[in-house]
């Protein structure tokens with residue numbers, strides 16, 4: 003069982019970020035960007051060899067991402083409709099990824115057995131994702147999937163903030179209605 007850490011605000015950010023081990027040593031480098039069809043996020047080792055990548059192949063309410071392990075396509079990830087939490091299905095690998103949006107707790111499983119779990123912790127006065135992966139071989143692909151989950155949680159939180167914090171000015175709307183009546 004291997005444990006990794008990455009700063010909370012860096013998991014799905016558009017910056018280079020290190021994924022570190024329990025001794026705070028860098029293990030992987032996370033590089034890429036999101037939001038547009040064709041965007042790519044990759045996990046590299048410290049020798050800059052790409053271990054895994056995820057490519058956004060569609061940009062829609064139901065986005066699709068292709069996952070690659072060492073340049074070989076190992077599956078596609080699609081969002082599954084759910085009211086309570088984000089759910090994603092990774093075809094070929096048959097992984098189910100779920101996210102507790104409010105608490106930023108994520109889990110990836112394969113028919114009941116854990117592939118990965120991640121949640122927030124405080125460490126050295128910063129907030130980190132603690133990522134626990136029982137089989138180290140799954141780490142690069144699992145971290146790619148976690149980055150997608152976190153990206154979607156962040157995107158929905160921003161949309162909710164916009165809808166809550168954006169004031170609707172009724173007077174200009176009422177003036178327009180009056181103009182239309184004339």
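Numbering (this note's numbering), first residue to last: 3 to 184. Don't be surprised by glycine CBs; every beta carbon is placed ideally from N, CA and C.
**Message:** I'd like to check one pair, residue 136 with residue 71: are the Cβ atoms closer than 8 Å?
**Reply:** For residue 71 and residue 136, no; Cβs fall outside 8 Å.
**Message:** My assumption, with CB atoms under 8 Å, is that residue 55 sits in contact with residue 44. Please give the rounded CB distance.
**Reply:** 4 Å
**Item:** Unbroken stretches of the alpha helix (DSSP H), 4 residues or longer, contained in the stretch 72-136
**Value:** If we require 4 residues or more, the stretch 72-136 turns out to have no alpha helix (DSSP H) run fully inside it.
**Message:** If you measure between the beta carbons of residue 92 and residue 122, is that distance less than 8 Å?
**Reply:** Cβ distance not < 8 Å, so residue 92 and residue 122 don't count as in contact.
**Asked** How would you label residue 161, buried or exposed, when you count the other beta carbons within 10 angstroms and need 16 or more for buried?
**Response** For residue 161, the predicted structure reports a pLDDT of 42, less than 50, and the residue's modelled location is therefore unreliable. A value from the coordinates is still provided. Residue 161 is exposed by the Cβ-count criterion.
**Asked** Within this structure, are the beta carbons of residue 10 and residue 130 separated by less than 8 Å?
**Response** Yes.
**Message:** For the beta strand (DSSP E) containing residue 55, name the first residue and the last one.
**Reply:** 52-60
**Item:** Residues sharing a beta bridge with residue 44, DSSP
**Value:** Paired residue(s): 33 and 55.
**Request:** Could you check what DSSP says for residue 17 in three-state terms: helix, strand or coil?
**Result:** coil
**Message:** Helix, strand or coil, according to DSSP, for residue 142 in the structure here?
**Reply:** Of the three classes helix, strand and coil, the one that applies to residue 142 here is helix, per DSSP.
**Request:** Below 8 Å on the Cβ atoms is my guess for residue 17 versus residue 29; work out the distance and round it to an integer in Å.
**Result:** In fact, because the Cβ distance is near 17 Å, the residues do not count as touching under 8 Å.
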